[in-house]
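Heads up: the sequence shown is residues -6 to 73, going by the numbering used here.
Encoded as structure tokens, the structure appears first; notes follow it.
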Amino acid sequence: MSLALEISSSETPLHSEDVKEHLLGLLRTIIVDREPRVAGLLTSAAGALPADRELRIASLQVIGIWFNLLNIIEENAAMR
């Protein structure tokens, strides 16, 4: 399955908070599709990591991806 994104210029987020919400929504969509059992990490305080080793690895990967996206957002905002 491929994820095709089409964003017109009128839909492009202008502020870093808008970009953050947009990327969080896209990441959530991918996670719900690929590993819905860890989707709760992005919606609220989910608590501790899951006990299942496979889910812990997926959870840590999601957290790592989110931190990388936040870094990109900050770098983008600093360049504006």
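Note that beta-carbon positions come from the ideal geometry of N, C-alpha and C, so glycine has one too.
Discussion item. Mapping the DSSP letters down to three states, classify D11 as helix, strand or coil.
Written reply: helix
Worksheet item: What did DSSP end up calling P29 once you bin it into helix, strand or coil?
Response: helix
Discussion item. Closer than 6 Å to a non-hydrogen atom of the ligand GDP - does that hold for the CB of N64?
Written reply: No copy of the ligand GDP appears in this structure; indeed no ligand is present at all.
Practice prompt. Apply the 10 Å Cβ neighbour rule to N64 and answer buried if 16 or more other Cβ atoms are within range, or exposed otherwise.
Written response: exposed
Worksheet item: For V74, is the classification buried or exposed, using 16 other Cβ atoms within 10 angstroms of its Cβ as the cut-off for buried?
Response: The shown model of the chain, from -6 to 73, leaves out residue 74, and the question about it has no answer.
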